[in-house]
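Chains as they are written, first to last, in my numbering: chain P, 1 to 357; chain H, 1001 to 1071; chain W, 2001 to 2306. Here is the structure we will look at.
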Amino acid sequence: MKPPLILQAFRQPDALTTFSLLDWDMLLRQARKGNLLVRLYTLLQERDLLQQVPPQPREQLEWSQAVAERHRQSVHWEVKQIQKALSQVDAPVVLLKGAAYVLAGLPAARGRIFTDIDILVPKASINQVEAALMLHGWMSTHHDAYDQRYYRTWMHELPPMQNIRRGTVIDVHHAILPETAYIHPDSSKLLAAAQDLPGYEGFKVLAPSDMVLHSAVHLFHEGELDNGLRDLTDIDSLLRHFSSHVAFWPELIERAQVLELSRPLFYALRYCSHLLHTPVPLSAIEAAEIAKPNRFTLALMDALYSRALLPMHPSCSDWCTDTARRLLYLRANWLRMPPLLLARHLFHKAFISPKEE
Amino acid sequence: MVIYNNTSGDTHLLGVDAAQILLLFEQAPADLGIVSEQFATGFPAETHEESTLQIEQILLQLHELALIEIC
Amino acid sequence: MKVSALTTAELELQLKQSGIFIQTGPFVTHLQTRIASVAQGVGLLYTDFSLLEQTDYADFHVSLERPHNLRRWFKPQVLFRFDSSPPFKPLPLDQALPMLEWGLNWCVSSHANRYLIIHAAVVEKDGYAAILPAPPGSGKSTLCAALVNRGWRLLSDELTLVRVDDGKLIPLPRPVSLKNQSIDVIQHYAPEAIFSPKVHDTIKGTVALMRPPTASVARALEPAQIAWVIFPKYQAGASTQLQLLPKSRTFMRVADNAFNYSLLGTKGFETLSNLIDAADCYDFTYSVLDEAIATFAALKPPTFNT
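Shown next as structure tokens:
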């Protein structure tokens, strides 16, 4: 069976010029579901292929691109506002994920549209950071007492805070995994290695290896994979970009061990190369295999991720895609907290928390 | 006058005075003294102090909207 | 081929099977549905629209379905799907036709960012177009329906598309949605106009859809040039009054009525500035339709001051 068009596009962008109008129609539908339209546009633009796209799909790609410039602007603006709000807080602030890619000018920022800004701060400063943000117009979004306690006791972040004037959301983390998770990447090591961001005093981004590892742990401990392929293309882009440094791969493997993140890295490299054909040196693949799960687990994970990482479009789904997503949701929660706590949490969410409807 | 701030992405409707002051800043940075000298005559205020006060308020508002930066 | 070339049974069958690829303004929509009332509505209201022979590409793939749940049996519902996922909650089945219109508006307003999209009616005569932005309840659609039954060309009654590249107004003629008393008013004012059955108890009250004039649909690919921005306001008993508005205030009011002004950033600002610069802007109060039409007929195109 041929791989879905969206994977063909990212593996071999040049082959897009041979796509029929019918292929384009389906490709755009898959890309839209996966939040990948702007990234697809960028892919074509970088290779100077836009003019070879038939006019109708090109028009759609341009619709999605029209918002990209404004998005970049608003991320810069929002970070400036956060910086202003935190200017009196004496602690390093590390930008994570999308905002970090934009501010550090990484290729992974191109064509990535997101809404929330994520930051990492030392745990000892988190109350101070929260107070400063509240003073400048950010309010906690979760008012339910259970949710508040859930976040503050067990999670690695404050409940999301929303700016009352602009409606923008910030997630303040003190670690990259919940307190209750079975692995604890040491946040102080991440903070210590973080790199300064010129023009944004006091603000930092994670070091290259840490950025990849954070992206990997985020994706492979995540329960909802609606943007799974988008997140995998982030990792793909980071790997391609950073691998121009000779020492990158061995450093990445070693750093994963230090931070207890070898398993998520193994999955990231595996599915990047399987699904997107990311060029990963054989030596790195072999080195990452120290964290390989047993044969049966691996076969199961392959079966689950090869389905759940695709966009949620009928054309990318078979009869077990829904089950794969549900199982990975359970797995993610399992990794987040011990079984009893998990049972309590899911029970509360299912029967006690107020429903939206 | 309608102004678009391309850093914040906000659009503002400015009065004539504020718009003129903003245009002055577009040419070069200025301090309160320079601005009030340029504009004092155009204000209906009675005294120099009053017009300076009005200009100061406009400057503060422009700063609030991130259209100028007061250092 | 036009929709009118199909019999109701043929249209129903095609909608049920592979769906139809219908051209509305610059967009191609692929519509599928098994709901007979929708097929009848499409046959009635879209009769002059073109169906595409080439069925391998559409800008929007949409369907109207009855959701698979228990309510199917006692309170039937309808669900609008945009490429398999529903952007809205289901509505009672008898609202299927209005829901199609709201859904198609949503498709355009949340995707087509090549245009500055203003929540406004837009009509044209002798090469000059008037944009009528207005909050619901201001009588915008009533006035629009009256104008297009008196010789004005319908570009749209809901979505004004301003092409960012050149500031041209791009037509999107589709059925005109009328609410509550306006339905009777227009049916009385233009007895020859063709209407869908009334649908009661929607979130907008009672709604009926009017078939767009054949001539407007025929010219759907012909852009228009802005001449006026007019904020209509129906006020019972009021005398007809056209009042010039300063451009700066008009700008802010139109921006407030635009779906993607802020998203487009600098491009949105430039497009809107050029639009307002090229237009004369008015507040317009009326209570008698004939007088309103006369006022519009007497509008002079703006003189260009350089």
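Using N, Cα and C, we set each Cβ at its ideal position, and we do this for glycine too.
Checklist line | Presumed contact (8 Å Cβ cut-off) between W/Pro2136 and W/Leu2154, rounded CB distance | finding: In the third sequence, the residue the question calls residue 2136 of chain W occupies position 136. In the third sequence, the residue the question calls residue 2154 of chain W occupies position 154. Not a contact, Cβ separation roughly 19 Å.
Checklist line | Every unbroken beta strand (DSSP E) inside the segment 63-121 of chain P [3 residues or more] | finding: 93-96, 116-120
Next item on the list: List the residues of chain W whose Cβ lies closer than 7 Å to the Cβ of P/Leu21, in chain order.
Entry: The residue labelled residue 21 of chain P in the question sits at position 21 within the first sequence. Simply Asp2056, Tyr2057.
Notebook entry, point to check: How would you label H/Leu1023, buried or exposed, when you count the other beta carbons within 10 angstroms and need 16 or more for buried?
Noted result: Reading the second sequence from its first residue, position 23 is the one you call residue 1023 of chain H. When all chains shown are included, H/Leu1023 counts as exposed.
Next item on the list: Could you name the residues that DSSP lists as bridge partners for W/Ala2120?
Entry: For the purposes of this step, residue 2120 of chain W is taken as residue 120 along the third sequence, with counting starting at 1. When DSSP reads this structure, W/Ala2120 sits in a beta bridge with W/Pro2133.
Notebook entry, point to check: For P/Ala124, does the count of other Cβ atoms within 10 angstroms reach 16, so buried, or fall short, so exposed?
Noted result: Here residue 124 of chain P is taken as the residue at index 124 of the first sequence, counted from 1. Exposed: under 16 other Cβ atoms inside 10 Å.
Check: Between the C-alpha atoms of P/Pro279 and P/Ser273, what's the straight-line distance to the nearest angstrom?
Finding: In the first sequence, counting from the first residue as 1, residue 279 of chain P sits at position 279. In the first sequence, counting from the first residue as 1, residue 273 of chain P sits at position 273. One C-alpha to the other measures close to 7 Å.
Note to self: Let me see if you follow: with CB-CB separation under 8 Å, is P/Trp334 close to chain H or not?
What the structure shows: Reading the first sequence from its first residue, position 334 is the one you call residue 334 of chain P. Chain H contact via Cβ: absent.
Check: Nearest CA to the CA of P/Leu282: which residue from P/Phe266, P/Thr297, P/Pro185?
Finding: By 1-based counting over the first sequence, the position of residue 282 of chain P is 282. Nearest of P/Phe266, P/Thr297, P/Pro185 to P/Leu282, Cα basis: P/Phe266.
Margin query: I need the boundaries of the alpha helix (DSSP H) containing P/Lys123, first residue and last residue.
Written below: Counting from one through the first sequence, the residue named residue 123 of chain P turns up at place 123. Looking at the DSSP string, P/Lys123 is not in any alpha helix (DSSP H), and its letter there is neither H nor E.
Notebook entry, point to check: In terms of DSSP beta bridges, what is W/Leu2079 paired with?
Noted result: One-based indexing of the third sequence puts residue 2079 of chain W at position 79. Answer is W/Glu2065, bridged to W/Leu2079.
Note to self: 8 Å is my cut-off, CB to CB: does H/Thr1007 come that close to chain P?
What the structure shows: Here residue 1007 of chain H refers to the residue found at position 7 of the second sequence. Yes, its Cβ sits closer than 8 Å to a Cβ of chain P.
Next item on the list: Return the residue from the list W/Val2162, W/Lys2140, W/Val2229 that minimises the CA-CA distance to W/Ala2130.
Entry: For the purposes of this step, residue 2130 of chain W is taken as the residue at position 130 of the third sequence. It is W/Val2229.
Notebook entry, point to check: Whose C-alpha, out of P/Leu239, P/Tyr271, P/Arg112, is nearest the C-alpha of P/Ala299?
Noted result: Within the first sequence, numbered from 1, the residue matching residue 299 of chain P stands at position 299. Residue P/Tyr271 is the option with its Cα nearest to P/Ala299.
Checklist line | C-alpha gap between P/Val94 and H/Leu1065, whole angstroms | finding: Looking up residue 94 of chain P in the first sequence gives position 94. Looking up residue 1065 of chain H in the second sequence gives position 65. Between P/Val94 and H/Leu1065, the C-alpha separation is close to 27 Å.
Check: To the nearest angstrom, how far is it from the Cα of W/Asn2257 to the Cα of W/Ile2170?
Finding: Here residue 2257 of chain W refers to the residue found at position 257 of the third sequence. Here residue 2170 of chain W refers to the residue found at position 170 of the third sequence. Answer to the nearest angstrom: the Cα atoms are 17 Å apart.
Next item on the list: Could you name the residues that DSSP lists as bridge partners for W/Ala2208?
Entry: Reading the third sequence from its first residue, position 208 is the one you call residue 2208 of chain W. According to DSSP, W/Ala2208 shares a beta bridge with W/Leu2178.
Check: Quick one: is P/Trp138 near chain H, going by C-beta distance under 8 Å?
Finding: Counting from 1 along the first sequence, the entry for residue 138 of chain P is found at position 138. It does not; no Cβ of chain H falls within 8 Å.
Check: W/Phe2284 lies in the beta strand (DSSP E); which residues open and close that run?
Finding: For the purposes of this step, residue 2284 of chain W is taken as residue 284 along the third sequence, with counting starting at 1. W/Phe2284 -> beta strand (DSSP E) spans 2280-2286.
Notebook entry, point to check: Can you find a CB in chain P that lies within less than 8 Å of the CB of W/His2068?
Noted result: Mapped onto the third sequence, residue 2068 of chain W falls at position 68. Not closer than 8 Å to any Cβ of chain P, the Cβ of W/His2068 fails to qualify, so no.
Check: At what residue ranges does the segment 2247-2280 of chain W contain a whole run of the alpha helix (DSSP H), taking only runs of 4 or more?
Finding: 2247-2256, 2266-2277
Item checked: Selection of the segment 66-77 of chain P by Cβ proximity to chain H, strictly under 7 Å -> Taken in chain order, the members of the segment 66-77 of chain P whose beta-carbon sits within less than 7 Å of a beta-carbon on chain H are Arg70, Gln73, Ser74, Trp77.
Check: Within the 8 Å Cβ cut-off, does P/Pro314 reach chain W?
Finding: Taking the first sequence and counting its residues from 1, one reaches residue 314 of chain P at position 314. Yes, P/Pro314 counts as interfacial toward chain W.
Check: P/Thr141: which of P/Leu86, P/His218, P/Leu158 sits nearest, CA to CA?
Finding: Locating residue 141 of chain P in the first sequence gives position 141, where the first residue counts as 1. Checking every option, the nearest Cα to that of P/Thr141 belongs to P/Leu158.
Margin query: Less than 8 Å between the beta carbons of W/Leu2045 and W/Tyr2115, yes or no?
Written below: Taking the first residue of the third sequence as 1, we reach residue 2045 of chain W at position 45. Taking the first residue of the third sequence as 1, we reach residue 2115 of chain W at position 115. No; because the gap between Cβ atoms is not below 8 Å, this pair is not in contact.
Margin query: For H/Leu1059 and H/Glu1069, what's the separation of their Cα atoms in angstroms?
Written below: Position 59 of the second sequence holds residue 1059 of chain H. Position 69 of the second sequence holds residue 1069 of chain H. Straight-line Cα distance between these residues: approximately 9 Å.
Next item on the list: Would you mind giving the Cβ-Cβ distance between W/Thr2033 and W/Ser2063, rounded to the nearest angstrom? I have them listed as a contact below 8 Å.
Entry: In the third sequence, residue 2033 of chain W corresponds to position 33, counting from 1. In the third sequence, residue 2063 of chain W corresponds to position 63, counting from 1. Contact holds; Cβ gap of about 6 Å.
Next item on the list: To the nearest angstrom, report how far apart P/Leu276 and P/Tyr329 are at their CA atoms.
Entry: Your numbering for residue 276 of chain P matches position 276 in the first sequence. Your numbering for residue 329 of chain P matches position 329 in the first sequence. Taken atom to atom, the span from the alpha-carbon of P/Leu276 to that of P/Tyr329 is near 23 Å.
Checklist line | Cα-Cα separation, P/Asp306 to W/Asp2056 | finding: Residue 306 of chain P sits at position 306 when you count from the first residue of the first sequence. Residue 2056 of chain W sits at position 56 when you count from the first residue of the third sequence. The question names Asp, but residue 306 of chain P is Ser in the sequence shown. Straight-line Cα distance between these residues: approximately 28 Å.
Next item on the list: Assign W/Pro1983 to one of three DSSP states: helix, strand, or coil.
Entry: Since the first residue of chain W shown is 2001 and the last is 2306, residue 1983 of chain W is not available in this structure.
Check: Can you tell which of W/Glu2158, W/Ala2297, W/Gln2014, W/Glu2270 has its C-alpha closest to the C-alpha of W/Phe2251?
Finding: Looking up residue 2251 of chain W in the third sequence gives position 251. Among W/Glu2158, W/Ala2297, W/Gln2014, W/Glu2270, the Cα nearest to that of W/Phe2251 is on W/Glu2270.
Next item on the list: Return the residue from the list W/Ile2276, W/Leu2242, W/Gln2054 that minimises the CA-CA distance to W/Asp2283.
Entry: If you number the third sequence from 1, residue 2283 of chain W lands on position 283. Of W/Ile2276, W/Leu2242, W/Gln2054, the residue nearest in Cα terms is W/Leu2242.
Notebook entry, point to check: Sorted by chain position, which residues of the same chain lie with C-beta nearer than 7 Å to P/His348's C-beta, five sequence neighbours on each side aside?
Noted result: Working through the first sequence from its first residue, we reach residue 348 of chain P at position 348. So the qualifying residues of the chain are Tyr146.
Notebook entry, point to check: What does a CB cutoff of less than 6 Å around W/Pro1955 pick up in its chain, not counting 5 residues either side in sequence?
Noted result: Lying before the first or after the last residue shown, residue 1955 of chain W is absent from chain W, which here runs from 2001 to 2306.
Note to self: Does chain P have any CB closer than 8 Å to the CB of W/Arg2081?
What the structure shows: Position 81 of the third sequence, counted from the first residue, corresponds to residue 2081 of chain W. Closer than 8 Å: no.
Next item on the list: Indicate whether at least one CB of chain P lies closer than 8 Å to the CB of W/Asn2274.
Entry: Position 274 of the third sequence, counted from the start, is the residue given in the question as residue 2274 of chain W. So, not an interface residue.
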